[in-house]
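Undergrad: Letter 178 of the sequence shown, counting from 1, is numbered 194 in our numbering, and no numbers are missing.
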Amino acid sequence: MPSSSYYSPSLTSKSSPDQASWGLATKLAELGRDPWGHAGYVNMPTYRGSTILFPDLATLDGRKPAPLRYGLHSSPLHEAMKQTLCELEGGAGCILVSSGLEAVTLPLLALLQQGDRLLVTDGAYDPTLDFAEHFLPRLGIQTQRYDPTDTAALQKILETHSDCKAILIESPSSQTFELTDIPAVVALAKKHDVTTIADNSWGAGIAIRPLEMGVDIVVQSGTKYVCGHSDTLMGFCVANDEKILRQLGQARAFIGIYNAPDEIALCLRGVRSLPVRYEAHRTAALRVCDFLQEQREVSEILHPALASHPQRALWQRDYASSCGLFSFMMEKKGEGKEAREILARFTDELRLFGMGYSWGGFKSLILPAEEQGLGRKLLPDVPNDRWLLRVHVGLEDTADLVQDLDDAFRRYRSAA
Ligand SMILES: Cc1ncc(COP(=O)(O)O)c(C=O)c1O
């Protein structure tokens, strides 16, 4: 890999023809590195800095090409990260941003204008809905939610409102894991000339690759499985269309978005082991589901890879794998405040499952939904007599995780 390719002023960073035949794990291990440009170091060095010097006036003026012009925009390390993420999602260009939330908001800011309507899945990550419903209206952009399980209803919205300009997909949904029929949504969007954006933080480029299904922009929270160790935040957008990439790149530059090089170095290190970690999360999570299925207090497990998932056929058609994140519903004990106190018996003495936000890291996590539910408008919310607990199964020994949960159920059961 010639080092000059890291500085390519074009947004494309496709692998060479011989590399194109490699499997994904090989690509993620091999690409975005330049040992012979860096004294044999197997990893890319971390470039820190704002100022990048120009050798002469002609380069400063743009009459001679300058690979990079200012530290805000990129560095060889950032270019290496972008190249690797393009391979992960199967796209031609990548825009790095500071968080997964910014990966969702940047395309909306870049592509939508006053008078436009955004269609957002009712199952989206809460802060995505907050941005769409509470910030975009300030710019004269309105948001309408759609039911991700009802493509016919989405079609009606598109036929009724010619101001729809973008559809935001998140499949599976945050917290309740409904699937979207992505190819059907893409077909509708193309018919109505609407841009599709898919948050693929759960699929991570491993379980599903929405760009290959015709989605225009895929976004991910790199904070999750790409980083994989819960020690930094990062987000990215990947697309194939040059015009879209230019619009996203311009918006990034207009806003002044920056990724600190140490954070990028952590994510580049993380992505090298993504396929094996993802598979380990998948098998451990399914084993934990087996255990949960046997507990009498568990009424439902919300995991799209389980045979009990209502959209089984869609899952089998479109998804190649699953990760460590799913939810389950547990019978509520007691009423009001007391019910939350009894729930604390379950959560507060867990030794291995921590309570905290985010997911995708080595550590197992559990997060009860808020008492008032999920704030859904179209999809069913959590029934009043149930708790919804979202689980991220990490990389600990599965037997120890099951034991931790078993102890928690015993405590919960013993509560009057
Ligand atoms: C589906 C989804 N998208 C985006 C994000 C935001 O990611 P970040 O925490 O990197 O901003 C999250 C965070 O939990 C998420 O679950």
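Think of the CB as a built atom: it goes at the ideal place given N, C-alpha and C, for glycine as much as any other residue.
Owing to the predicted nature of the structure, the values given are computational and were not obtained by experimental measurement.
For a minimum of 3 consecutive residues, which ranges assigned as the beta strand (DSSP E) are wholly contained in the stretch 245 to 279?
TA: Within the stretch 245 to 279, the complete beta strand (DSSP E) runs of at least 3 residues are 251 to 255.
Undergrad: Helix, strand or coil for Asp-215, going by three-state DSSP, please let me know.
TA: Three-state result, Asp-215: strand.
Undergrad: For Trp-218, does the count of other Cβ atoms within 10 angstroms reach 16, so buried, or fall short, so exposed?
TA: Classification for Trp-218: buried.
Undergrad: Please return the same chain residues whose Cβ sits closer than 6 Å to the Cβ of Ala-140, not counting the five positions on each side in sequence.
TA: So the qualifying residues of the chain are Glu-186.
Undergrad: May I ask whether a heavy atom of ligand 1 can be found less than 7 Å away from the beta carbon of Asp-215?
TA: Indeed, a heavy atom of ligand 1 lies less than 7 Å from the Cβ.
Undergrad: Helix, strand or coil for Ile-158 per DSSP?
TA: It should be noted that the sequence gives Gln, not Ile, for residue 158. Correct three-state label for Gln-158: strand.
Undergrad: What's the call for Val-242, buried or exposed, on a 16-neighbour Cβ count within 10 Å?
TA: With 16 or more Cβ atoms within 10 Å of its Cβ, Val-242 is classed as buried.
Undergrad: Just curious, the beta strand (DSSP E) that Phe-342 is in, first and last residue?
TA: Segment 341 to 347, the beta strand (DSSP E) holding Phe-342.
Undergrad: Report the residue from Leu-405, Lys-353, Leu-282 whose alpha carbon sits nearest the alpha carbon of Met-371.
TA: Looking at the Cα atoms, Leu-405 is the closest of the given residues.
Undergrad: Whose C-alpha, out of Glu-412, Phe-252, Pro-384, is nearest the C-alpha of Glu-444?
TA: The structure shown does not extend to residue 444, since the chain spans only 17 to 432, so no value can be given for it.
Undergrad: Nearest to Leu-284 by alpha carbon, out of Ser-32, Leu-93, Thr-75?
TA: Comparing Cα positions, the closest option is Leu-93.
Undergrad: Using the DSSP secondary-structure output, state which residues sit across from Tyr-86 in a beta bridge.
TA: BP columns for Tyr-86 point to Thr-67.
Undergrad: Excluding the 5 residues preceding and the 5 following Glu-149 in the sequence, name in chain order all residues of the same chain whose CB lies nearer than 7 Å to its CB.
TA: Hits under 7 Å: Thr-159.
Undergrad: CA-CA distance, Glu-310 and Leu-359?
TA: Taking the straight line joining both Cα atoms gives about 19 Å.
Undergrad: Given that a residue counts as buried once 16 or more other Cβ atoms are within 10 Å of its Cβ, and exposed if not, what is Pro-18?
TA: With a pLDDT of 32 at Pro-18, under the threshold of 50, the predicted position of this residue should be treated as unreliable, though the coordinate-derived value follows. It is exposed - the Cβ of Pro-18 has fewer than 16 other Cβ atoms within 10 Å.
Undergrad: Please report the distance separating the alpha-carbon of Tyr-23 from that of Leu-134.
TA: Confidence at Tyr-23 is low in this model, with a pLDDT of 36, below 50, so the placement of that residue should be treated as unreliable; the coordinate-derived value is given next. Rounded to whole angstroms, Tyr-23 to Leu-134 spans 35 Å at the Cα level.
Undergrad: Between Tyr-241 and ligand 1, is there a pair consisting of the residue's CB and a ligand heavy atom that are separated by less than 7 Å?
TA: No - ligand 1 has no heavy atom lying nearer than 7 Å to the Cβ of Tyr-241.
Undergrad: If you pair each beta-carbon of the stretch 73 to 82 with each one of the stretch 200 to 211, do three or more pairs fall below 8 Å?
TA: The stretch 73 to 82 vs the stretch 200 to 211: no contact.
Undergrad: Report the option in Pro-33, Glu-103, Leu-117 whose CA atom is closest to the CA atom of Leu-44.
TA: For Leu-44, the nearest C-alpha among the options comes from Glu-103.
Undergrad: Would Val-58 be called buried (16 or more neighbouring beta carbons within 10 Å of its own) or exposed?
TA: Exposed, since its Cβ has fewer than 16 Cβ neighbours within 10 Å.
Undergrad: Quick check on the burial criterion: 16 or more other C-beta atoms within 10 angstroms. Buried or exposed for Arg-288?
TA: It is buried - the Cβ of Arg-288 has at least 16 other Cβ atoms within 10 Å.
Undergrad: Tell me which residue opens and which closes the beta strand (DSSP E) that Cys-243 is part of.
TA: Per DSSP, Cys-243 belongs to no beta strand (DSSP E) and is neither H nor E.
Undergrad: Please report how far the alpha carbon of Ser-26 lies from the alpha carbon of Asn-256, in whole angstroms.
TA: Model confidence at Ser-26 stands at a pLDDT of 38, short of 50, so the residue's coordinates are unreliable; what they give is reported in the following sentence. C-alpha separation (whole angstroms): 12 Å.
Undergrad: For Ser-91, tell me which candidate among Met-60, Leu-170, Lys-80, Thr-176 has the shortest Cα-Cα distance.
TA: Comparing Cα-Cα distances from Ser-91 to each of Met-60, Leu-170, Lys-80, Thr-176, the minimum goes to Met-60.
Undergrad: Rounded to whole angstroms, how far is the Cβ of Thr-196 from the Cβ of Ser-343, which I believe are closer than 8 Å?
TA: With a Cβ gap of about 17 Å, Thr-196 and Ser-343 do not count as contacting.
Undergrad: Can you tell me whether Pro-164 is helix, strand or coil according to DSSP?
TA: If DSSP states are grouped into helix, strand and coil, Pro-164 belongs with coil.
Undergrad: Which runs of the alpha helix (DSSP H) fall wholly inside the stretch 98 to 136 and span at least 4 residues, in chain order?
TA: DSSP runs (the alpha helix (DSSP H)) wholly in the stretch 98 to 136: 116 to 127.
Undergrad: Comparing C-alpha positions only, which one of Leu-170, Leu-155, Pro-153 sits nearest to Arg-161?
TA: If we check each option's Cα against that of Arg-161, Leu-170 comes out closest.
Undergrad: Quick one: what's got a C-beta closer than 6 Å to Ser-237's C-beta in the same chain, skipping five residues either side?
TA: Within the same chain, Ser-237 has close Cβ partners Gly-116, Ser-217, Gly-251.
Undergrad: Evaluate the contact criterion for the stretch 384 to 393 versus the stretch 423 to 430: three or more CB pairs, one atom per stretch, below 8 Å.
TA: The stretch 384 to 393 is not in contact with the stretch 423 to 430.
Undergrad: Do the CB positions of Thr-211 and Leu-125 come within less than 8 Å of each other?
TA: Not closer than 8 Å, so no.
Undergrad: When we look at the beta-carbon of Gln-388 and count the other beta-carbons within 10 Å, is it buried (16 or more) or exposed?
TA: By the neighbour-count rule (16 or more Cβ atoms within 10 Å), Gln-388 is not buried but exposed.
Undergrad: Does the distance between the C-beta of Tyr-335 and the nearest non-hydrogen atom of ligand 1 fall short of 7 Å?
TA: Tyr-335: no, Cβ never under 7 Å from ligand 1.
Undergrad: Does ligand 1 have a heavy atom nearer than 7 Å to the CB of Val-407?
TA: Every heavy atom of ligand 1 is 7 Å or more from the Cβ of Val-407, so no.
Undergrad: Are the Cβ atoms of Gly-230 and Asp-179 separated by less than 8 Å?
TA: Contact: no.
Undergrad: Let me confirm a value: Ser-29 is counted as buried when at least 16 other C-beta atoms fall within 10 Å, else exposed. Which label applies?
TA: Because the pLDDT of Ser-29 is 44, which lies under 50, any placement of that residue in the model is unreliable, and the number read from its coordinates should be weighed accordingly. With 16 or more other Cβ atoms within 10 Å, it is buried.
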